[in-house]
Amino acid sequence: MKKGNLVLYKNQPALITDVQGDKFEITLESGTKKVREKDIVLLHDGECRSIKAALDAEVPDADFGEAADFFEGETPSFAELAELLWGTYTAEQSWKLWETLCASPYFICTSPAEPIGIRTQAEIERLNQKEAEKAQAEKLRQDFIAALRTCMQGKPFTENKELYTPFFQEIEALALGSSSASKILKDAKLEQTPEQAHDVLLKTGFWPIEKNPYPARFGHSLHSSKADIPEPVFPEAPLDLTAIPAYAIDNPGSTDPDDAVSFDGTHLWVHIANPADTIQADTQSDTDACARGATLYMPEGAARMLGEKAVDYFALGLKPISYALSFKLLLGTDGSIEEVSIHRTKLSVIRMTYEEADAQKDSPALAPLFAIAEKNRIRRENAGAVSIDFPEVFITLAEQDGTKRAQVQPVVHTEASAMIKEMMLLAGEAAARFAFQHNIPFQYVSQEAPELPNKLPSGLAGEYRKRRAMRPRSVGTIPSMHAALGLAMYGQVTSPLRRYGDLVSHRQLLNYIDGKPLTPAADLILKIAAGDVAGRACVSAERASRQHWTLVYLLQNPDWRGTAVVLEVMGKKAHVFIPSLGYEGDITLDTEPELNQELTVKVRRIRLAYLQASFEQVWAL
């Protein structure tokens, strides 16, 4: 090979422009580079004028079938076959000739230096069939892309969706988070984002508006864990507290009661479900719980961290006798914790709704619990606790004509729910104090004090300012102030059926009680951190799911009207909160509003795939 020869380099034409010993300088369409002889194959031993001339060369038509018949059963060289087909040919034409031969179904071409195989008629027919199928598939793909682009410009998607199912499934994978890209969307010149994919699926009608992609997108199953849980391990000699009524007080719809409270005349008892004695570290059920981080609660239902069987095994009050890990607290006159002990217990649990407990709050059984809770609330507030009071809603779904219809209802805050909240905070504080006093490596939750303005607005605008000032929580093995709760130290231990960190904390406390080796702080924090990451994703999935169903509710009720409260003023633009929906957003007004001003609003536009809704003011007639 010499200067001026046209060669093949990685299946692309190249011109030898210089030779230096055993190294060749070649020029490709993309530029110049140096190679060795073994890297290139000669296409023509004549001189080629330029790489451009080779790329632009024209090749006359030829009868490939006749040439295949002529060489039947033989393996001609590239030069022999080219000579038969085209007679003499120039160096400039050699690349196009080789490219044409490679594309022909008659010949098997591996390299210009290797003999060329001749396919049989049957092989040619199979190859032609494949090419026809490929061409048909590509046409189908291009037809889909064209229909998709038309649809995204506002025209209905009228094509047969079943015909395009594989393409929709590719887009669906991106919308659900199981894929990070979509070539279909790329070729349609659309963004390759989960939101865009979701929008496409909605506008084409492949997904109904009710389809909720967020659990999957955040890496959570819509179904409860299927990991096997062994039969419960109950203590041989639990502390028998069946003579003291324990009350599991919750929402009417609660299906997994995991806490109860009682007062024996001297001590407050907070009883927590005890799966930690049964579910050991690094077992299948523990690993699955860590990967989930928490139970996922959605309007569609609950996907339980420990599976449905765990509720039957460990929940409190579903059977005549329940077994718990119980925190025994001796409280001071101001409600502060003076002594803590932890016990495995045997209980007789009475289940009660918040409303039922409110009706009996002055009874001899419940009055002491309400009194203790009030003392604790005052104690925390005196220590700087910050409470934020925003109206809340809950969303339920009902089947109607085969469609899930969303309903948005206000959360009714009761005195009993506030009481139970204080009891759980006392348990969390007690666990942290117990761990600290006994040098137990433990999960402590802390939060720095918020920087509140000197003067807060009244009403919801003030609550909004407080919420914006809150600092993120921290999880570590060194106790620190939880300023928002007004507690010197705090740990989460009240939901081991629903939060992985609580399950890990229970195991550590049980190991101490039993005199077993404790998990070192470094290993403990790694374990908790893994569950915490998954738990935060779970919270994100829940939040996005609630927003999704709120917007679905508005789409299903196009005549909706409601009241919005101004939280923040930015000229004629306001950030508002709609209590009946639990929804926040911005609105542009004709005049500058006042904080806490109430506006009657209606929906202006909803972008469901982007979890966005805009509103406009409605003027009374």
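If you're matching positions, the sequence shown starts at 1301 in the working numbering and goes up one per residue.
Ideal Cβ positions, reconstructed from N, Cα and C, are used throughout, including at glycine.
A distance below 7 angstroms separates the beta carbons of L1308 and P1412. Counting only runs that start and end inside the region 1460 to 1509, the alpha helix (DSSP H) elements of at least 4 residues fall at 1465 to 1475, 1483 to 1487 and 1494 to 1503.
Non-local C-beta neighbours of D1689 in its own chain, meaning closer than 7 angstroms and more than five positions away in sequence, comprise E1763, ordered along the chain. When only Cα atoms are considered, A1667 and S1641 end up about 23 angstroms apart. Between S1805 and Q1743, the CB-CB gap stays under 7 angstroms.
Per DSSP, the continuous alpha helix (DSSP H) segment holding W1398 begins and ends at S1394 to A1403. Bridge pairing for E1325: D1318 and K1334 [DSSP]. Annotated three-state conformation of K1310 is coil, per DSSP.
In the three-state DSSP reduction, K1902 falls in the strand class (E or B).
A residue is called buried once 16 or more other Cβ atoms fall within 10 Å of its Cβ, and W1395 is buried on that count. Taking C-beta separations shorter than 8 angstroms and ignoring five residues to either side along the sequence, the partners of D1558 in its chain run I1572, A1573, F1614, A1615, L1616, T1794, S1795, P1796, L1797 and R1798, following chain order.
Contact check for G1791 against A1829 fails: the beta carbons are separated by 7 angstroms or more.
Residue ranges of uninterrupted alpha helix (DSSP H) with 4 or more members, entirely inside the region 1806 to 1866 and ordered along the chain, are 1821 to 1856. Measuring C-alpha to C-alpha distances from K1766 to each of L1752, A1497 and Q1707 identifies L1752 as the nearest.
Cβ-Cβ distances below 6 angstroms link M1598 to S1845 in the same chain, with the five nearest sequence neighbours on each side left out; the list follows chain order. Counting along the chain, the unbroken beta strand (DSSP E) around K1646 starts and ends at I1637 to L1647.
Judged by beta-carbon spacing, L1803 lies within the 7 angstroms limit of A1576, meaning their Cβ atoms are closer than that value. The straight-line gap separating the alpha-carbon atoms of T1327 and S1350 is approximately 9 angstroms. Residue environment for H1520: buried (at least 16 other C-beta atoms within 10 angstroms of its C-beta).
Counting along the chain, the unbroken alpha helix (DSSP H) around W1386 starts and ends at F1378 to W1386. Here M1605 is buried: its Cβ has 16 or more other Cβ atoms, across all protein chains shown, within 10 Å.
The closest CA to that of R1592, considering only P1817, G1835 and T1566, is found on G1835. Between the beta-carbon of T1504 and that of C1451 there is about 6 angstroms, and that keeps the pair under the 8 angstroms contact cut.
Contact annotation: the region 1374 to 1385 touches the region 1398 to 1414, with at least three C-beta pairs closer than 8 angstroms. The residues C1590, G1593, Y1800 and G1801, in chain order, have a CB closer than 6 angstroms to that of G1831 in the same chain once the five nearest residues on each side in sequence are set aside. DSSP, read as helix, strand or coil, puts K1628 in strand.
In this structure K1310 is exposed. Its beta-carbon is surrounded by fewer than 16 other beta-carbon atoms within 10 angstroms. In the assembly as shown, R1771 is an exposed residue. Its beta-carbon has fewer than 16 other beta-carbons within 10 Å. In the three-state reduction of the DSSP assignment, A1543 falls in the coil class, being assigned neither a helical nor a strand state.
Apart from the 5 residues on each side of it in sequence, P1552 sits with its Cβ closer than 6 angstroms to the Cβ of T1653 in its chain, given in chain order. Take P1532, set aside five residues on each side of it, and the residues of its chain with a beta-carbon closer than 6 angstroms to its own are T1578 and Y1613, in chain order. P1668 sits in a helix when the DSSP states are folded into three classes.
Here L1824 is buried, its C-beta having at least 16 other C-beta atoms within 10 Å. In the three-state DSSP reduction, M1652 falls in the strand class (E or B). Listed in chain order, the non-local C-beta contacts of R1449 below 6 angstroms within the same chain comprise A1488, local neighbours out to five positions each way being set aside. Residue range Q1421 to M1452 is occupied by the alpha helix (DSSP H) that includes F1444, with no beta strand (DSSP E) assigned at that position.
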